[in-house]
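S.K.:
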RNA sequence: GCUCCCGUGGUGUAGUCCGGCCAAGCAUUAGGGACUCUCAAUCCCCCGACUCGGGUUCAAAUCCCGACGGGAGCACCA
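In the working numbering, the protein residues as written are 134 to 623.
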């Protein structure tokens, strides 16, 4: 009796023991409130470098929702800190997003909106919600810790408007004055107390040069932009939780409708170099070859190794928006990617740590290894003439005792001898160990690995001009780009 | 130290809002097996979790309190 029949009988005749059906697993993001008529969402990276795997989460989560509900996905480049900008990032970020399949409908650069920030600041000053503090950083911080208001706080808005103009006109030095949002000096979190909205910087901005000397702080420009760009829903990391609280003050003072906020948990990405400053220094010093060095966790490095955009998408959708901190799982990420690329990965023999062995064969043998085990892509054929030589992996060879028979994959059965291997037969009924090999005319090939090490060995001749993801049998998946190999995963 | 957030197997998650259908689902990994001339893929099996302690209740992963654990923030960075 078949299993299905059994289940049917049980279900019909003994309903109290009804066999549960397997639930179909669907990994979908939860619905968003008030989204039926479209959403406006954004991602807001700072242009300090290209995107890395961590950024891909916010990009894809936002993109998914905009694709589901329709609406706008805004890329807002937050370049209001002139000291931390890489001019190339203005181009690299959109490139990375495009590769990820993220559909940006509108791009906004914050330094092109400075007049708006100034105007909004003046408005808040007039309304008495913002003031210009003539105080240095250290003192201001100390007062806030003690919840003490400085005298400036209660001065007339007129004075602050004048001071603000002085700031804009460059009449202060850096650090002599800051524009501050009045909040609650008794707020339990000192950083929320009267937070700084705009500050002076005379650093040369890579994009705007010395046109401006007053730059908004992130919390100020974000609140202004989120409103004027019409954001309906904001999805970002838990590290922004306190920022959201700060930004609400701006919304409340202006009577603006507040977007829905979601904060997903911080994710630890093990074994990846992500920090822009470290990468930048590494590139400068020659430690890394560039932003796409495969030891890095940048999108372009992962692309170079052969990860697919779809892998990022599936992974982040399945991670959802949980507020729990978590560890990025390379195991699962690799597994998703393997599912995608296995179907199209050409198979080749790569012998790492090669040993050139004498092959004693009296007849010509021909190999017929498939390019793909399931797809009909044809065969890699090699003719092995009498008494030639062949490459085997050192560890494979050491695992075989003299006198033992084993199978050269897709070639023949051989026996290990004192000084090499000897042809035994074309085939065998016995269950033998299967080992891959490379013909003598194979070429040198090196696989770069993400841990910084290299594997060098011999790659079979038919792989010579191949470009793309391939599976080196019994070794792993490797992306070949112009004769160079980059290790993807097992 | 202070403030906030979070605690489901090794890992990632579903379920928690609105307590019962959860003796907890799925995926991944490890282990076992089938198939295969790859240690891949595919298929099957199996191990494995509600942090702890109180409370509320007929009933708690789900609500309340406490402890413990983890994370983030405490910048004139974003």
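Where is the CB? At the ideal position from N, CA and C, for every residue including glycine.
How long is the line joining the alpha carbons of residue 596 and residue 184, rounded to whole angstroms?
M.R.: The count along the first chain starts at 1 and reaches residue 596 at position 463. The count along the first chain starts at 1 and reaches residue 184 at position 51. Approximately 32 Å, taken between the alpha carbons.
S.K.: Could you name the residues that DSSP lists as bridge partners for residue 604?
M.R.: Locating residue 604 in the first chain gives position 471, where the first residue counts as 1. Per DSSP, 480 and 610.
S.K.: Nearest-angstrom Cα distance between residue 127 and residue 176?
M.R.: As displayed, the chain neither begins before 134 nor continues past 623, which places residue 127 out of reach and without an answer.
S.K.: With distances taken between CB atoms, is the gap from residue 215 to residue 354 smaller than 7 Å?
M.R.: As a working mapping, residue 215 is identified with position 82 in the first chain. As a working mapping, residue 354 is identified with position 221 in the first chain. No, they are not a contact pair.
S.K.: Measuring alpha carbon to alpha carbon, tell me which of 161, 180, 204 and 191 ends up nearest residue 167.
M.R.: Taking the first chain and counting its residues from 1, one reaches residue 167 at position 34. Looking at the Cα atoms, 204 is the closest of the given residues.
S.K.: One question on the structure: do residue 244 and residue 212 come within less than 7 Å of each other, judged by their Cβ atoms?
M.R.: Mapped onto the first chain, residue 244 falls at position 111. Mapped onto the first chain, residue 212 falls at position 79. Against a cut-off of 7 Å, the Cβ pair of residue 212 and residue 244 comes out as a contact.
S.K.: Below 8 Å, how does it come out for the stretch 377-396 and the stretch 309-324: are there three or more Cβ pairs, yes or no?
M.R.: Enough Cβ pairs lie closer than 8 Å, so yes.
S.K.: Classify residue 293 as helix, strand or coil using the three-state DSSP reduction.
M.R.: Residue numbering aside, residue 293 sits at position 160 when the first chain is read from its first letter. Helix at residue 293.
S.K.: Is it buried or exposed for residue 154, if we count other Cβ within 10 angstroms and need 16 for buried?
M.R.: Mapped onto the first chain, residue 154 falls at position 21. Reliability fails at residue 154, whose pLDDT of 43 lies under 50, so the model's placement of it is uncertain and no value is given.
S.K.: If contact is defined by three or more beta carbon pairs under 8 Å, each pair taking one atom from either stretch, is the stretch 521-528 in contact with the stretch 485-498?
M.R.: Short answer: they touch.
S.K.: Roughly how many whole angstroms lie between the Cα atoms of residue 270 and residue 363?
M.R.: As a working mapping, residue 270 is identified with position 137 in the first chain. As a working mapping, residue 363 is identified with position 230 in the first chain. Answer to the nearest angstrom: the Cα atoms are 34 Å apart.
S.K.: Using the C-alpha atoms, what's the distance from residue 246 back to residue 432?
M.R.: Taking the first chain and counting its residues from 1, one reaches residue 432 at position 299. Taking the first chain and counting its residues from 1, one reaches residue 246 at position 113. The alpha-carbon atoms of residue 432 and residue 246 are separated by roughly 29 Å.
S.K.: What first and last residue would you give for the beta strand (DSSP E) that runs through residue 598?
M.R.: Within the first chain, the letter at position 465 stands for residue 598. Careful: residue 598 lies outside any beta strand (DSSP E) and carries neither H nor E.
S.K.: One question on the structure: do residue 445 and residue 233 come within less than 7 Å of each other, judged by their Cβ atoms?
M.R.: Position 312 of the first chain, counted from the first residue, corresponds to residue 445. Position 100 of the first chain, counted from the first residue, corresponds to residue 233. The answer is yes: Cβ separation under 7 Å.
S.K.: Please classify residue 181: is it buried, with 16 or more other beta-carbons within 10 angstroms of its beta-carbon, or exposed?
M.R.: Within the first chain, numbered from 1, the residue matching residue 181 stands at position 48. With 16 or more Cβ atoms within 10 Å of its Cβ, residue 181 is classed as buried.
S.K.: Per the contact definition of three or more C-beta pairs closer than 8 Å, is the stretch 436-444 in contact with the stretch 467-485?
M.R.: With the cut-off at 8 Å, the stretch 467-485 and the stretch 436-444 touch.
S.K.: Please confirm if the stretch 579-598 is in contact with the stretch 556-564, defined as three or more CB-CB distances below 8 Å between the two stretches.
M.R.: The stretch 579-598 vs the stretch 556-564: no contact.
S.K.: Alpha carbon to alpha carbon, how far is residue 200 from residue 425?
M.R.: Translated into positions along the first chain, residue 200 becomes position 67. Translated into positions along the first chain, residue 425 becomes position 292. Computed Cα separation, rounded: 29 Å.
S.K.: Which word fits residue 576, buried or exposed, when buried means at least 16 other C-beta atoms lie within 10 angstroms of its C-beta?
M.R.: Counted from its first residue, the first chain places residue 576 at position 443. Exposed, by the Cβ-count rule.
S.K.: Mind reading off the beta-carbon distance from residue 483 to residue 599? Whole number of angstroms is fine, and I expect it under 8 Å.
M.R.: For the purposes of this step, residue 483 is identified with residue 350 of the first chain, where counting begins at 1. For the purposes of this step, residue 599 is identified with residue 466 of the first chain, where counting begins at 1. Not really, about 12 Å apart at Cβ, beyond 8 Å.
S.K.: So for residue 616, helix, strand or coil by DSSP?
M.R.: Sequence index remark: in the first chain, residue 616 carries index 483 (1-based). Looking at residue 616 - three-state DSSP - the assignment turns out to be coil, as it is neither helix nor strand.
S.K.: Assuming residue 345 and residue 368 make a contact with CB atoms under 8 Å, what is their CB distance in whole Å?
M.R.: Position 212 of the first chain, counted from the start, is the residue given in the question as residue 345. Position 235 of the first chain, counted from the start, is the residue given in the question as residue 368. In fact, because the Cβ distance is near 30 Å, the residues do not count as touching under 8 Å.
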